[in-house]
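**Student:** Submitted below is the structure of interest, expressed as structure tokens.
In the numbering used here, the protein residues as written are 576 to 843.
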């Protein structure tokens, strides 16, 4: 009998219903699934259905049927983010009350005029950070990065550091249209589901420091992170729904599964 109980492993896959499952998504699903099973852990499924303008009718159900056809088995009920808006609002309110977030009325044009450029484009210059609460009804909520540096160890990429204020700027956690931002919702739901290990694509590597800072301000646990290499198209762009990536064929899962397995550097 072991002296110490093995730590619990809870992983997840969180697709967005903006289109069918493509090969890049299959790689992410397989990477997270195999890592969970290797560690005798649980693998959960979360549907990121928080952005109705980008969602395609029937896409969520199609993704689920495709995952089933490919043999993926999740270990709990599917979590739909569209049912979690009260939890997200509670997190936003907590951050505002603690002075870690504030309303912002700036337009994209105003932000661009600042001339500050970071990893993901124009950096918000903090215009509204110390302003009185706006009287207008429509405004976004931004997280105050407070000039902090976040350091973490990725299981694939190693030791990484990001100075969020200078590289990303104060970022939006609730949009002006009332929808909650990905950075906030993923943090709240990872904590809610007890996620201990996040395995996902390297396109989200630069998002991780923001999520860690949110976790710290909300007094939540930080999971372990591993960011998988991205699948690129013939033009060197990330394979995605936005670049019209072809769906995987759920009637012929084996060739797709083998290709994803080999892409992850595994051998049969």
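All C-beta atoms, glycine included, are put in the ideal place defined by N, C-alpha and C.
Any idea what DSSP makes of residue 755, helix, strand or coil?
**Tutor:** Taking the first residue of the chain shown as 1, we reach residue 755 at position 180. Of the three classes helix, strand and coil, the one that applies to residue 755 here is strand, per DSSP.
**Student:** Among residues of its own chain, excluding the 5 on either side of residue 576, which ones have a beta-carbon nearer than 7 Å to its beta-carbon?
**Tutor:** Mapped onto the chain shown, residue 576 falls at position 1. Unreliable placement is indicated for residue 576, whose pLDDT of 39 sits below 50; no coordinate value is reported for it.
**Student:** Less than 9 Å between the C-beta atoms of residue 846 and residue 705, yes or no?
**Tutor:** The shown model of the chain, from 576 to 843, leaves out residue 846, and the question about it has no answer.
**Student:** Pick out the complete alpha helix (DSSP H) segments inside the region 733-804, 4 residues or longer, and give them in chain order.
**Tutor:** Listed in chain order, the complete alpha helix (DSSP H) runs (minimum 4 residues) inside the region 733-804 are 739-742, 757-767, 783-792.
**Student:** So, helix, strand or coil for residue 654, using DSSP?
**Tutor:** By 1-based counting over the chain shown, the position of residue 654 is 79. Note: residue 654 maps to strand in three-state DSSP.
**Student:** Mapping the DSSP letters down to three states, classify residue 729 as helix, strand or coil.
**Tutor:** As a position in the chain shown, residue 729 is number 154, starting the count at 1. Looking at residue 729 - three-state DSSP - the assignment turns out to be strand.
**Student:** Report the rounded CA-to-CA distance for residue 709 versus residue 622, giving the unit in angstroms.
**Tutor:** Mapped onto the chain shown, residue 709 falls at position 134. Mapped onto the chain shown, residue 622 falls at position 47. Each residue's alpha carbon lies about 34 Å from the other.
**Student:** Please report how far the alpha carbon of residue 797 lies from the alpha carbon of residue 707, in whole angstroms.
**Tutor:** Walking along the chain shown from the start, residue 797 turns up at place 222. Walking along the chain shown from the start, residue 707 turns up at place 132. Near 33 Å, if we compare the C-alpha coordinates of residue 707 and residue 797.
**Student:** Buried or exposed: residue 791, going by 16 or more other Cβ atoms within 10 Å of its Cβ?
**Tutor:** In the chain shown, the residue the question calls residue 791 occupies position 216. Burial call: exposed.
**Student:** Using three-state DSSP, classify residue 698 as helix, strand or coil.
**Tutor:** Within the chain shown, numbered from 1, the residue matching residue 698 stands at position 123. The answer is coil: DSSP assigns residue 698 none of H, G, I, E or B.
**Student:** Should residue 826 be labelled buried (16 or more other beta-carbon atoms within 10 Å of its own) or exposed?
**Tutor:** Within the chain shown, the letter at position 251 stands for residue 826. When all chains shown are included, residue 826 counts as exposed.
**Student:** Looking only at its chain, what residues have a beta carbon closer than 8 Å to the beta carbon of residue 640, apart from the 5 residues adjacent to it on each side?
**Tutor:** Residue numbering aside, residue 640 sits at position 65 when the chain shown is read from its first letter. Once the five neighbours on either side are set aside, the close Cβ partners of residue 640 are 825.
**Student:** What first and last residue would you give for the alpha helix (DSSP H) that runs through residue 605?
**Tutor:** Within the chain shown, residue 605 is the residue found at index 30, counting from 1. Unbroken alpha helix (DSSP H) run through residue 605: 598-613.
**Student:** Could you check whether residue 602 and residue 806 sit closer than 9 Å to each other, using their CB atoms as the reference points?
**Tutor:** Numbered from its first residue, the chain shown carries residue 806 at position 231. Numbered from its first residue, the chain shown carries residue 602 at position 27. Against a cut-off of 9 Å, the Cβ pair of residue 602 and residue 806 comes out as a contact.
**Student:** From 638, 610, 597, 592, pick the residue whose C-alpha is nearest to that of residue 628; which is it?
**Tutor:** As a first step, residue 628 must be located in the chain shown, where it is residue number 53. Nearest C-alpha to residue 628: 592.
**Student:** Looking at the secondary structure, which residues open and close the alpha helix (DSSP H) in which residue 678 lies?
**Tutor:** The sequence position of residue 678 within the chain shown is 103, counting from 1. No alpha helix (DSSP H) holds residue 678; the beta strand (DSSP E) holding it covers 676-679.
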